[in-house]
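Have a look at the structure below, then the notes.
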Amino acid sequence: MRPRGGWPRPTKAFGPIAGSIVVLLGWTAVAHNSGSGWVQALGGLLAGFVVAGLVGPSIACARLRVSVESNPGDGTVGRRVAIGVRANGPLRIEPVVPPGPAEVLGPGVGRFAVVPTRRGPLGELTIVVASAAPFGILWWRKRVVVPLVRPLWVAPVAGPPDPGLLAGSTLGAILDRQVPRDARFGEPRGVRPYEAGDPRRLVHWPATAHRGELMVREAERPEAAVPEVWVLLPDDGPAGDLVAERALGTLLALLARSAPVMLATIERGGSCVEPVYSPTDAGRRLARAVANRGSTG
Amino acid sequence: MSLAGRIKAANKPGPPEHSVLLRVAATGALAVGIAACAAEGELSVVVAGGSIVAVVLGNLFSYRRRARPLPGLKVVLAVVAVVAFWRFYLAISAAHGVTNLAAVEGPLAVLFTWIQVTHSFDVPSRRDLAFSLAGSVTLMAVAAAQALDMTFALYVIAWAVCALVGMTAMWGSISGVGRPRLRTLVVGALTLVVVALACIIALPAPSVSSRLVFPSAIGGDVSIASPAGLEGTASGATFPVHAGSGRVAVGGFLGFAGPLDTAVRGALGRELVFRVRATQPSFWVAETFDNWDGQSWTEVAAKNHPGWREIGGGPPFALSSAGGAQDIQTFYLVQPGPNLVFHAEVASSVWFPAQRLFVDADGNIRSGTSMGSGSIYTVVSSVDNATTAELAEAPAPKLSPIDQARLTELPHPYPRVAALAAKITAHATNTEAKVLALEHWMSIHTRYTTDIPPLPKGADTVDEFLFGDRRGFCEQISTSLAVMLRTLGIPTREATGYVPGSYNPITDLYSVQAKDAHAWVQVWFPGFGWQSFDPTALVATVNPSPAATLGHDAIRALHRVPLVPTVLVAAALALAFFVARRRSQAPATPQAAVSAALERAARRAGLDPAPSESLSGLAARIDAHAPPPAGRPDARAIAAVAEESAFGGRALAGAVADRLVSDARALARRMSRRSPGRRPGQRGSEAASASSNEAPAASRGR
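Given below as structure tokens:
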């Protein structure tokens, strides 16, 4: 995907333009009536500075090219995410979607931050790039949509635990019970060949070295049933985000005492019922979750 | 926010500005502005020099204290600024009010300079430096208002360079780019030049509409020996045109002498005589002549003419109350000239720094003192350029009998001239048509040339011209028209002076050269007064040679090229080209510089670097050929460090790299002193070519 940009527009242009016009008109009047051509010639140079200062940034702004060089894959709503960009000239970047603080960057590689406000995947950023080259008199800006080098999954912030999300039991009961941790922390009961989808932390390296193929520990099933959290978002808007926040709060509370936790969500490809082992897993899953629109899977 | 809070917020100092380039450029712009004011006489050399030194020291101080401003400094500077304003007020008061702007300009320039000097001690932030740049504009404006010639271009270019560098450095500071790139500066300079030229072309030309200032100055104060007498230079010399000829000229032109001798044309050069600032071009009238004797014009027929009268009382001298549009001309004399006061058409008042002037009934004006170079005077003239239609409807000339006789008087009847004039104007029904018919006839049947021998004594100029070979110069052509008109009973007189000259849109001045001296005809039209006709303008030159014409035009075109800006721009371009070339040819890395230096040393030692030879191998041969003196690093050591840093992944610290390159170059210089010379038959360019082509690829560095 290539960056998409709009036409450059001046920013807060009234003051500089009106001031320049007044100065030039005044200068012209003085030069015209003083009878001195050198004053007029000097005014011409002054006009050159003003024109270059007022119009030049539009050309510089139109020539600006920005591309994302690097970005993390995970983010959280409300927390800064650093984005690495490459620009072909000095510029000021102001993230719009998602928003972020404005930064002035030189040519080459630089970094700026965005603060996601919504849960979900981000494939591109909408930013405003501005330039005041060559004199810094007036800023011209244009809105640019730049694709990220990889999707940024924005997890919700953790909200209060919601017992209603637990399937088959109450949250209180789960939280009150000391559930033994899974086999990762004890002796494995056995090993088996790796299968696609196995968590990498289950890889058993001694057995892998012995067998010559990737082996994973076969987890000892916990005494109790794995807690299951069902997340059905009402929509992809704020209400859905609110539910996701509560779900994350619930998952974090559960993961603090027991792992894994079975999480059921609906993603764009259909329903997904898989265990999550860490807060990061939970955040990613909830970032991918979408509202139920009747899809099946 | 309260008003006090807003004021406090507005005056809150910005973050300290660390850009040295911006500070240097702002200081340079101020220094150029102050120097320009001094060059135009607005500041004394002592004040200007002291101010420049103070500005430099002030900016140095501001830079050192940019992050830690001295407490109480603003108060001290404010007190100094108040003192500067007070001195300005005193100077204005001493200048008897503000009606004379010329008296204000000097104190104003001093005030601006003081403010900038004061301000330069407190410029910690970018905003303060921007104010310094803007302040330099006011100083340049004050100087520009006084500039008369193209030498001011030097200051304008210097200021523009400083301002351009400063503005781009300001953007570099804002964006964090640092020093501006050469390309940015070149593009910015081109933009400035294009826009400035467009402005000069598009904007209306300046005009002398200000009635508050009538410049006048006297360039020599030697009284003329006889009242209303005519003298040519500050020394009072009236000199002969040719030794023994009996003909005299004033100011190098016979038209400015007492009698206008039409038998010979003086050789006039291209030297600048004076500059004129005027709202519109005109013939600059020096004298008019009414008495024709067959070969010379003179001014006064004593019996019919009231003669010269003296006007005293000092400026302004009120001369006449002629109607018509008023035009103001200010004459800036470059060469000492005759004591004639030039004007356009009819002078109504003169601003001349003397106690007396002499005026005759025909409006000719002479000063009572000599006119040295640097003399300035201003004339308010009545300019009534009637249209052809208006002149066609003008009634037949009616003057008093005395004036009618004086202005149509001829030394003899001129029967052939009268017949010719009557024949040419047979179908003309009014005065204007007669004049135009005669001009048209002369444009067809006469030719202009200055390459004719002087007429013999006693020969009538008009007869010789009209019935001879019909070749002559402006005095003869215009005289012929005047005499033909007089034979028709039309009041006519001969006028001499200068054509407007070349207009310089930058200085807004007409530059009048000696060769612009001219003679033309004035014809009386009731209701419109004297109207000028220039028959010479319509007359073709004799046998124009295409080659000579083209060459003449080419030389004229070259003369129009402003020398100083052209040379400066060419020099700037050459410098930019030289710097860019040097940069493109400079070694990219210290290792490459070491390699180039060692190759140079080898060639100077007579050792040819082989294409496949490593740098260390070449260095070993150099050491074997010329062992280094004690205490100096040998070539192998230098090569080893360079190779290790280039290929061993060990970056060199800046000081180490500089030392390495310095040692390698010292080695090359040592070889130059030791070497008995290049190999026979090898030229320098070949050697250089071999150097670049045979450089070991591995030694180019990274």
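These protein sequence lines map, in sequence, to chains B and S.
Counting in this note's numbering, the first sequence runs without a single skipped number right up to 307 at its last residue.
Counting in this note's numbering, the second sequence runs without a single skipped number right up to 735 at its last residue.
Backbone N, C-alpha and C fix where the C-beta goes; we use that ideal spot for every residue, glycine too.
The continuous beta strand (DSSP E) containing S/VAL554 extends over residues 550 to 558.
Flagged as an interface residue toward chain B: S/MET173, by a C-beta distance shorter than 8 angstroms.
Taking C-beta atoms as the reference points, B/LEU265 and B/GLY293 fail to come closer than 8 angstroms.
Across the stretch 112 to 123 of chain B, CB contacts with chain S closer than 8 angstroms involve VAL114, LEU115, GLY116, PRO117, in sequence order along the chain. Excluding five sequence positions before and after S/MET173, the CB atoms of its chain that fall closer than 8 angstroms to its own CB belong to VAL65, GLY66, ALA69, TYR188, VAL189, TRP192, given in chain order. For S/ASP493, the closest alpha carbon among the candidates S/VAL115, S/VAL297, S/PHE118, S/SER153 is that of S/VAL297.
Taken in chain order, the complete alpha helix (DSSP H) segments of 4 residues or longer contained in the stretch 16 to 83 of chain B are 24 to 44, 47 to 73.
From the beta-carbon of B/PRO144, the residues of chain S found nearer than 8 angstroms are MET200, THR201, TRP204, PRO213, THR217, VAL220, GLY221. The way I'd put it, the stretch 220 to 233 of chain S doesn't touch the stretch 99 to 112 of chain S; fewer than three beta-carbon pairs between them come closer than 8 angstroms. In the three-state DSSP reduction, B/ALA299 falls in the coil class, being neither helix nor strand. In chain order, PRO100, VAL114, GLY116 make up the part of chain B whose C-beta sits under 7 angstroms from the C-beta of S/SER208.
Each of S/PHE566, S/ALA59, S/ALA607, S/ILE539 was checked against the Cα of S/VAL594, and the nearest Cα belongs to S/ILE539.
When rounded, the separation of the alpha-carbon atoms in S/VAL413 and S/VAL367 is 21 angstroms. B/CYS282 has B/THR275 as its beta-bridge partners, per DSSP. Close CB contacts of S/ARG212 within its chain, under the 8 angstroms cut and outside five residues either way in sequence, are with LEU54, ALA202, GLY205 (chain order).
Counting C-beta atoms within 10 angstroms of its own C-beta, S/ARG519 has 16 or more neighbours from the protein chains shown and is therefore classed as buried. Per DSSP, B/THR127 lies in no alpha helix (DSSP H) segment and is marked neither H nor E. For S/LEU601, the nearest beta carbon of chain B is not closer than 8 angstroms to its own beta carbon.
The Cβ atoms of B/GLY85 and B/TRP163 lie closer than 8 angstroms to each other. Residue S/ALA111 holds the alpha-carbon nearest to the alpha-carbon of S/THR151 among S/ALA111, S/VAL175, S/ALA178.
Nearest CB-CB separation between B/VAL164 and chain S: not below the 8 angstroms threshold.
Take the alpha-carbon of S/ASP696 and the one of S/VAL194: they are about 37 angstroms apart.
For S/PHE680, the uninterrupted alpha helix (DSSP H) segment begins and ends at 668 to 680. Non-local C-beta neighbours of S/SER353 in its own chain, meaning closer than 8 angstroms and more than five positions away in sequence, comprise VAL379, ALA380, SER381, GLY396, SER415, ordered along the chain. For the 8 angstroms CB-CB criterion, S/GLU527 and S/THR512 form a contact. Minimum Cα-Cα distance from S/ALA319 among the listed residues S/SER165, S/ARG342, S/PRO371 corresponds to S/PRO371. Leaving aside the five residues that flank S/GLY505 on each side, the residues in its chain whose CB is nearer than 6 angstroms to its CB run, in chain order, PHE498. Taking 3 residues as the shortest admissible run, the stretch 282 to 325 of chain S contains the following complete beta strand (DSSP E) segments, listed from N- to C-terminal end: 305 to 311, 317 to 322.
Taking 8 angstroms as the cut-off, the beta carbon of S/ARG389 is found closer than this to the beta carbon of S/ILE344. Against chain B, the beta carbon of S/ASP549 has no neighbour under 8 angstroms; the closest one sits roughly 20 angstroms away. By the neighbour-count definition (other C-beta atoms within 10 Å, threshold 16), B/PRO111 is an exposed residue. The alpha-carbon separation between B/ARG221 and B/LEU212 amounts to approximately 16 angstroms. At least one C-beta of chain S is nearer than 8 angstroms to the C-beta of B/TRP48.
Interface with chain B (8 angstroms Cβ-Cβ cutoff): S/VAL383 is excluded.
Here the alpha carbon of S/ILE457 sits roughly 6 angstroms from the alpha carbon of S/LEU471. For B/VAL213, no CB of chain S lies under 8 angstroms from its own CB, so it is not counted at the interface with that chain.
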